[in-house]
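Below is one structure; the comments refer to it alone.
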Amino acid sequence: MPRITNPRPVAATGIALLVFGIIVGIRQLGLLQGLELAMYDLHLKFRTVKTAPESPLLLIRVYESDIRQLGYPIDDSSLAKSLNLLSAYGARAIGVDMYRDFPARGRDELRTAVNNTPRVVMIEKRLGEPVPRPDFIQDTGQIGFADLKQDPGGIIRRGLLMMWDDEGRPYLSFALQLALKYLQDFDITLTADPADESLVRLGKTTITRFNGNDGGYQNADDGGYQMLLDYRRGTKPFPSYPLSELLQGKLDKQQVQDRVVILGMTAASVEDRHESPFSTGWGAAGSVYGVEIHAHTVDQLIRNALHGEAPLETLSEQSELFWILAVCFIGAALGVWLQWPWLKVLVAAGGVGLLIATAQDAFSYGLWIPAAPVILAYLGSLALATIYCAQCEHAERKLIMQLFGKFVAPEVATMLWQQRDQFMEEGRPRPQHLTITVMSIDLQGYTTPAENMDPADTLQWINHYLNTMTRIAAEHGGIVDDYAGDGMKVNFGVPIPRKNEQEIKRDAQQAVECALAMGAAINRLNRELAPQHLPPFRLRIGIATGTAIAGNLGSDQRMKYTTVGDVVNTAARLESFNKDSFRDEQGSAFRILISESVYHHLEPEYQITSLGRCELRGKNRAITIYRIWTKNSNEGKTA
Numbered sequence: 193m194p195r196i197t198n199p200r201p202v203a204a205t206g207i208a209l210l211v212f213g214i215i216v217g218i219r220q221l222g223l224l225q226g227l228e229l230a231m232y233d234l235h236l237k238f239r240t241v242k243t244a245p246e247s248p249l250l251l252i253r254v255y256e257s258d259i260r261q262l263g264y265p266i267d268d269s270s271l272a273k274s275l276n277l278l279s280a281y282g283a284r285a286i287g288v289d290m291y292r293d294f295p296a297r298g299r300d301e302l303r304t305a306v307n308n309t310p311r312v313v314m315i316e317k318r319l320g321e322p323v324p325r326p327d328f329i330q331d332t333g334q335i336g337f338a339d340l341k342q343d344p345g346g347i348i349r350r351g352l353l354m355m356w357d358d359e360g361r362p363y364l365s366f367a368l369q370l371a372l373k374y375l376q377d378f379d380i381t382l383t384a385d386p387a388d389e390s391l392v393r394l395g396k397t398t399i400t401r402f403n404g405n406d407g408g409y410q411n412a413d414d415g416g417y418q419m420l421l422d423y424r425r426g427t428k429p430f431p432s433y434p435l436s437e438l439l440q441g442k443l444d445k446q447q448v449q450d451r452v453v454i455l456g457m458t459a460a461s462v463e464d465r466h467e468s469p470f471s472t473g474w475g476a477a478g479s480v481y482g483v484e485i486h487a488h489t490v491d492q493l494i495r496n497a498l499h500g501e502a503p504l505e506t507l508s509e510q511s512e513l514f515w516i517l518a519v520c521f522i523g524a525a526l527g528v529w530l531q532w533p534w535l536k537v538l539v540a541a542g543g544v545g546l547l548i549a550t551a552q553d554a555f556s557y558g559l560w561i562p563a564a565p566v567i568l569a570y571l572g573s574l575a576l577a578t579i580y581c582a583q584c585e586h587a588e589r590k591l592i593m594q595l596f597g598k599f600v601a602p603e604v605a606t607m608l609w610q611q612r613d614q615f616m617e618e619g620r621p622r623p624q625h626l627t628i629t630v631m632s633i634d635l636q637g638y639t640t641p642a643e644n645m646d647p648a649d650t651l652q653w654i655n656h657y658l659n660t661m662t663r664i665a666a667e668h669g670g671i672v673d674d675y676a677g678d679g680m681k682v683n684f685g686v687p688i689p690r691k692n693e694q695e696i697k698r699d700a701q702q703a704v705e706c707a708l709a710m711g712a713a714i715n716r717l718n719r720e721l722a723p724q725h726l727p728p729f730r731l732r733i734g735i736a737t738g739t740a741i742a743g744n745l746g747s748d749q750r751m752k753y754t755t756v757g758d759v760v761n762t763a764a765r766l767e768s769f770n771k772d773s774f775r776d777e778q779g780s781a782f783r784i785l786i787s788e789s790v791y792h793h794l795e796p797e798y799q800i801t802s803l804g805r806c807e808l809r810g811k812n813r814a815i816t817i818y819r820i821w822t823k824n825s826n827e828g829k830t831a
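Residue numbers 193 to 831, in this note's numbering, belong to the letters of the sequence shown in order.
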C-alpha cells in the first residue's frame, strides 16, 4: 500500500509558494491590472477624507445656453472680455481650456488681454495630433499642454505634469502652470528635490513621480513626469458659473478675488468628456469634463505646496511582493490547520474583509497597497490548502476504512476517524506502545471434517462461522487483526491509546463479554447446523492483557495494521493450551482461558475457575491461568 503523507508545514509552504508564483505571474502579465484599478477607484470613493482648506478653484463653464448666445467656437473678443473682467476682479491665475490655434473675431483684443495679463495660461496639445499654441503667446509661462493620460476604459487616474522633447527641452502642463501662477504670491516655485534631483518639489512637498509598476499598474506608460490624482475634493467640488453670467457682469469681485479661475467647455455638443474613478462602478457619478480634471490637478498641486499634503504613495515592488507572499502563507496555514468547513468559510470572509479594511485605511492615509492580488492570494492559498486537506483526509479515511472498517461497527469506525490524530501520523498509523487486550480464537477439530466435505460447503460453513464471530467482535469494540484458516485474532484497545487504568479495565471486560457472546453464538450455530448433519463447532478462546507494539506491518505493496508483543503470544498460547483435554471434554462447545492480568480487571460477576500455575509453550515462566464459564451475578470469582 503506497504511503500517504500529510506534512502540514511542508504542505502549507508548498501551497503558499505555488499560489505566490501564480499570482505574481499573472500580475506581471497585466491580467490583474483592471481589477486592481477598479479597487483603486473604490478606495477613492470610500476613503475617509480629511478636512482640507477651501479650494481656491473657480470654474467658468461654457454651457449649451452660452453657445446659443455667443456661437461656437467662442470668438476671441468674448474671450478677451472675460479675461479682462477676471483680471479686474483680482483672480490670481486664469486658465483658458480652449484651443486658440486659428484667428477668430477679436484676435487683437485677445492678444492684448493675454499679453497684458501675465497670470493667464493658454493651452496647446503636444501628444498625438498636435494643436499649436496661439501665435501671439510670447511668455512660455503662459502656455501649458492640456494632454491627459488615459488608462484602459478611458479613465483619468494620472496627471501629466511635464514632458520633454527630443532635444531635452521641458514643457509644463496647463495645470502645473496655473498652480505656479497661484503659488508665486507665496514665493513658491518649482525646484529639484535635494535628495533626488530627478524629482521636483513644490513648497513643502516632493511630488512623487509615477512609475509604470506603481500600485496596481503593470508596465503602464510612465513617460514624462506624472503623478497619481487623488480627487480629494470629490465629484462636484468647485463653484461654477456660466460664461454668459460673467460677461453680463453678474459675478462680483468677492467671488473671483484670489482664486484660480479656469474657463472651459462643458456643453454636450462639444466633445471634451472623460471618465474619472467616480464615473463607473458602484455609485457612478457620470463622466466629467476636461476642465474639471484640470481643476482637480491644480487643486492637488496647491494643497501639496501650501499645506504639505503628501501625494499618494505606493509600496516598493519588493514590499508588495513580500506582502503578497506573507498573505499566501497565512491563507495556506489557515487552510491546512483549520478543520471545520464552516470555520474556514468564516475565516475566508473575515480575512477578505480585514484585507480590504487594511487597504482602505492605508489609502485614507495616502498609501496605496495592492488589495486585489492580496485577496486573490489569500483566497487562493486558503482554497488550495482546503482542497489539499480534503484529498489527504479522503486518503486517510480510505486507509482507515481499509485497515479497520471491515472489522468494526460503523460507530467505532466514525470514532476512529474523528480521533485519527491520536494514532495517525503523516497519513498512516503511528507505531506506538499500547496496553491492549488480545483475543485469540480457533476452531477445535475443523481440519478433518473439512477434508471430507465439498469445498463449497466447507467455505460456506467456515464463512458462516467467521462472519458471526467478526460481527460479535465489532459489536463489543474489538478490531479483527487477522484470520488464519479458522482462527481469528481480535484486539481491544487499538488504535487509540488508552489513557488510564479504567479504560484498560473496560477493554478486558469487553473482551470477556465478547468471548461469552461468541460461545453463545457457537451454541446457536450448532443447533442450526444439526439438521444439516454438519459437524458442530467447538471454539477455543485465549485472552491476555498487556503491552504490545501496534502499527503497520508488511511491504508497500501489502500492508496491514497489527499488534506484536508478548501479550499476543500469551493469548495464542492460552487458546492452544492443553487442547487435547478440551477435545475430550463433553458438554461444552467453547472454552475461554484468560491470563491473570485479565482476571484482575474483571468484576466479581463471572463464574471463574483457576487452573493454577501453568507453563505455556514458548514461555520461560509459568503463569496463572483462569477459565471463564459464564457470567453469573449470583456467584463471584472462584479460584
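We put the beta carbon where it would ideally sit given N, CA and C, even for glycine.
Beyond the five residues adjoining it in sequence on each side, alanine 208 comes within less than 6 Å, by CB distance, of Cys520, Phe521, Ala524 and Ser573 in the same chain, given in chain order. Annotation for arginine 253: the continuous beta strand (DSSP E) segment containing it runs 249-254. Bounds of the alpha helix (DSSP H) holding serine 274 are 268-280. If you draw a straight line from the Cα of isoleucine 741 to the Cα of glutamine 225, it comes to about 59 Å.
Taking the Cα of leucine 249 as reference, the smallest distance to any Cα among Ile259, Ala296, Gln447 and Asp377 is reached at Gln447. Note on geometry: alpha-carbon atoms of valine 704 and aspartate 772 lie some 23 Å from one another.
Cβ contact annotation for threonine 427 (same chain, cutoff 7 Å, sequence separation greater than five): Phe470 and Ala477, in chain order. Per DSSP, tyrosine 374 is not a residue of any beta strand (DSSP E); the alpha helix (DSSP H) it occupies stretches across 366-375.
Taking the C-beta atoms as reference points, leucine 394 is found nearer than 7 Å to asparagine 496. Approximately 17 Å separates the beta-carbon atoms of alanine 781 and proline 723; this is outside 8 Å, ruling out the contact.
Taking a C-beta distance under 7 Å as the contact criterion, leucine 708 and lysine 823 qualify as a contact pair. Residues Asp414 of the same chain have their beta carbon placed closer than 7 Å to that of asparagine 403, with the five preceding and five following residues left out of the count.
Here DSSP, grouped into helix, strand and coil, assigns proline 326 to coil. Segment contact: the region 377-387 against the region 322-335, fewer than three CB-CB distances shorter than 8 Å; contact not assigned. By the criterion of a C-beta distance shorter than 7 Å, alanine 540 is surrounded in its chain by Leu571 and Leu574, once the five residues flanking it on both sides are discounted.
In the DSSP assignment, asparagine 307 is bridged to no other residue. A direct Cα-to-Cα measurement between leucine 277 and alanine 296 gives close to 20 Å. One Cα belongs to isoleucine 786, the other to alanine 648, and the distance between them is close to 35 Å. Ranked by Cα distance from isoleucine 348, the options Asp331, Gln418 and Ala371 are led by Gln418. Judged by DSSP secondary structure, serine 390 falls outside any alpha helix (DSSP H); it is assigned neither H nor E. One thing to note: aspartate 678 has its Cβ no nearer than 7 Å to the Cβ of isoleucine 714.
In this structure phenylalanine 430 is buried. Its beta-carbon is surrounded by 16 or more other beta-carbon atoms within 10 angstroms.
According to DSSP, proline 362 shares a beta bridge with Trp356.
Taking the CA atoms as reference points, leucine 439 sits about 55 Å from valine 544.
Partner residues in a beta bridge of phenylalanine 378, as assigned by DSSP, do not exist. In the structure shown, the three-state DSSP call for threonine 243 is coil. When beta bridges are read from the DSSP output, lysine 237 appears opposite no residue.
Secondary structure at aspartate 289: strand, using DSSP grouped into helix, strand and coil.
Residue pairing from DSSP places proline 434 in a beta bridge opposite Arg253.
For the region 499-549, the continuous alpha helix (DSSP H) assignments of 4+ residues that do not extend past its boundaries occur at 509-529, in sequence order. In the DSSP assignment, the residues bridged to tyrosine 798 are Lys823.
Assignment of threonine 458 by DSSP, reduced to helix, strand and coil, places it in the coil class. Annotation: tyrosine 281 to isoleucine 548 spans about 47 Å, alpha carbon to alpha carbon.
Residue Asn683 holds the alpha-carbon nearest to the alpha-carbon of alanine 665 among Asn683, Asp450, Val306 and Ala676. For lysine 752, the closest C-alpha among the options Val211, Gly527 and Pro687 is that of Pro687.
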